[in-house]
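Each remark here refers to the structure printed beneath this line.
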Amino acid sequence: SQKIEQNSEALNIQEGKTATLTCNYTNYSPAYLQWYRQDPGRGPVFLLLIRENEKEKRKERLKVTFDTTLKQSLFHITASQPADSATYLCALGDNNDMRFGAGTRLTVKP
Amino acid sequence: EPEVTQTPSHQVTQMGQEVILRCVPISNHLYFYWYRQILGQKVEFLVSFYNNEISEKSEIFDDQFSVERPDGSNFTLKIRSTKLEDSAMYFCASSGRISGNTIYFGEGSWLTVV
């Protein structure tokens with residue numbers, strides 16, 4: 093069966109450091125992968141999309157990599173800030189549905 | 056910035072009652088979705104909708120659930136006879152394309168079944 097695994101339920105880092113979150117998947121051949129941010133009690137908010145033929149994508153302090161051989165995406169937040177504290181979700185889908193991982197709860201401590 | 060709006064923000068209902076959750080997707084979007092998130096758990100896909108019909112549905116979306124686009128702006132999720140385990144946050148979402156495009160989520164409708 094298809095699985096999306098974000099293998100850290102929680103990640104705590106110090107302000108200013110780089111946060112690295114991992115998303116692994118099995119039994120998928122996604123055309124693209126997305127990362128979302130979710131704050132408590134709120135809906136997910138889109139951050140970045142990376143396509144299968146792209147190795148890396150950047151947006152401000154965010155960077156996403158996509159390795160279709162390893163079936164893995166890494167999500168980096170550089171120069172992290174307490175305001176980056178949230179749950180980050182990876183999502184896969186290439187047809188009419190998009191499925192989410194369970195998320196990694198990031199806490200950035202001042 | 057355009058947004059997806061959902062009503063009600065919170066509803067408490069008795070087990071066995073019917074519930075309708077309403078959504079107004081972003082106006083020029085063509086693809087609509089419902090997701091749910093049980094407290095403390097992951098966001099789960101329920102159904103996608105395009106061209107006035109269901110495109111895809113998950114194993115969660117059984118005969119108790121139905122979706123409708125009754126007019127040009129609203130998109131509804133109906134749960135016919137609610138169960139305790141239907142208690143969750145229900146998110147509506149929409150996108151302009153089916154694949155490789157941002158999906159915009161509403162703020163959710165929190166359903167509590169008692």
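Protein sequence lines correspond, in order, to chains D and H. Under the working numbering, the first sequence has 190 at position 98, and the numbering climbs by one with no breaks. Under the working numbering, the second sequence has 139 at position 84, and the numbering climbs by one with no breaks. Beta carbons: idealized from backbone N, C-alpha and C, even for Gly. Just so we're clear, the structure is a prediction, and the values are computed from it rather than from any experiment.
Same chain, Cβ closer than 7 Å to residue i, neighbours up to 5 away in sequence not counted
{"i": "residue 119 of chain H", "result": "134, 135, 136"}
{"i": "residue 72 of chain H", "result": "137"}
Per DSSP, cross-strand counterpart(s) of residue i
{"i": "residue 144 of chain H", "result": "H/92, H/165"}
{"i": "residue 116 of chain H", "result": "Residue 116 of chain H pairs with nothing; no bridge assigned."}
{"i": "residue 122 of chain H", "result": "H/132"}
{"i": "residue 151 of chain D", "result": "D/154"}
{"i": "residue 129 of chain D", "result": "D/137, D/180"}
{"i": "residue 104 of chain D", "result": "D/199"}
{"i": "residue 170 of chain D", "result": "Partner(s): none; residue 170 of chain D has no beta bridge."}
{"i": "residue 102 of chain H", "result": "H/89, H/112"}
{"i": "residue 56 of chain D", "result": "The question about residue 56 of chain D has no answer, for chain D in this structure spans 93 to 202."}
{"i": "residue 142 of chain D", "result": "D/125"}
{"i": "residue 66 of chain H", "result": "H/166"}
{"i": "residue 61 of chain H", "result": "H/78"}
Per-residue burial, residue i [other beta carbons within 10 Å of its own, 16 or more giving buried]
{"i": "residue 138 of chain H", "result": "exposed"}
{"i": "residue 67 of chain H", "result": "exposed"}
{"i": "residue 70 of chain H", "result": "exposed"}
{"i": "residue 159 of chain D", "result": "exposed"}
{"i": "residue 150 of chain D", "result": "exposed"}
{"i": "residue 198 of chain D", "result": "buried"}
{"i": "residue 95 of chain H", "result": "exposed"}
{"i": "residue 163 of chain D", "result": "buried"}
{"i": "residue 122 of chain D", "result": "buried"}
{"i": "residue 108 of chain D", "result": "exposed"}
{"i": "residue 168 of chain H", "result": "buried"}
Assumed close pair residue i, residue j - CB separation to whole angstroms, cut-off 8 Å
{"i": "residue 98 of chain H", "j": "residue 86 of chain H", "result": "Not really, about 17 Å apart at Cβ, beyond 8 Å."}
{"i": "residue 83 of chain H", "j": "residue 151 of chain H", "result": "7 Å"}
{"i": "residue 120 of chain D", "j": "residue 94 of chain D", "result": "5 Å"}
{"i": "residue 113 of chain D", "j": "residue 126 of chain D", "result": "Incorrect: roughly 13 Å between the Cβ atoms, too far for contact."}
{"i": "residue 117 of chain D", "j": "residue 96 of chain D", "result": "5 Å"}
{"i": "residue 93 of chain H", "j": "residue 190 of chain D", "result": "Rounded, the Cβ-Cβ distance is 18 Å, inconsistent with contact."}
{"i": "residue 161 of chain H", "j": "residue 144 of chain H", "result": "The pair is not a contact, with the Cβ atoms about 10 Å apart (cut-off 8 Å)."}
Rounded separation between residue i and residue j - CA only
{"i": "residue 149 of chain H", "j": "residue 75 of chain H", "result": "18 Å"}
{"i": "residue 103 of chain H", "j": "residue 171 of chain D", "result": "37 Å"}
{"i": "residue 142 of chain H", "j": "residue 65 of chain H", "result": "11 Å"}
{"i": "residue 174 of chain D", "j": "residue 106 of chain H", "result": "43 Å"}
{"i": "residue 116 of chain H", "j": "residue 109 of chain H", "result": "11 Å"}
{"i": "residue 165 of chain D", "j": "residue 103 of chain D", "result": "16 Å"}
{"i": "residue 140 of chain D", "j": "residue 106 of chain D", "result": "23 Å"}
{"i": "residue 132 of chain D", "j": "residue 56 of chain H", "result": "22 Å"}
{"i": "residue 140 of chain H", "j": "residue 128 of chain D", "result": "26 Å"}
{"i": "residue 155 of chain D", "j": "residue 148 of chain D", "result": "7 Å"}
{"i": "residue 101 of chain H", "j": "residue 111 of chain D", "result": "31 Å"}
{"i": "residue 144 of chain D", "j": "residue 111 of chain H", "result": "22 Å"}
{"i": "residue 153 of chain D", "j": "residue 147 of chain H", "result": "29 Å"}
{"i": "residue 166 of chain H", "j": "residue 114 of chain H", "result": "20 Å"}
{"i": "residue 156 of chain H", "j": "residue 146 of chain D", "result": "15 Å"}
Same chain only: Cβ atoms within 8 Å of residue i, ignoring 5 sequence neighbours per side
{"i": "residue 130 of chain D", "result": "136, 137, 178, 179, 180, 181, 195"}
{"i": "residue 131 of chain H", "result": "75, 76, 77, 78, 122, 123, 124, 125"}
{"i": "residue 202 of chain D", "result": "107, 174"}
Spatial neighbours of residue i in its chain, beta-carbon cut-off 6 Å, leaving aside the 5 residues before and after
{"i": "residue 62 of chain H", "result": "77"}
{"i": "residue 80 of chain H", "result": "59, 87, 130, 149"}
{"i": "residue 176 of chain D", "result": "169, 200"}
{"i": "residue 192 of chain D", "result": "181, 183"}
{"i": "residue 100 of chain D", "result": "196"}
{"i": "residue 157 of chain D", "result": "148, 166"}
{"i": "residue 115 of chain D", "result": "98, 165, 182, 193"}
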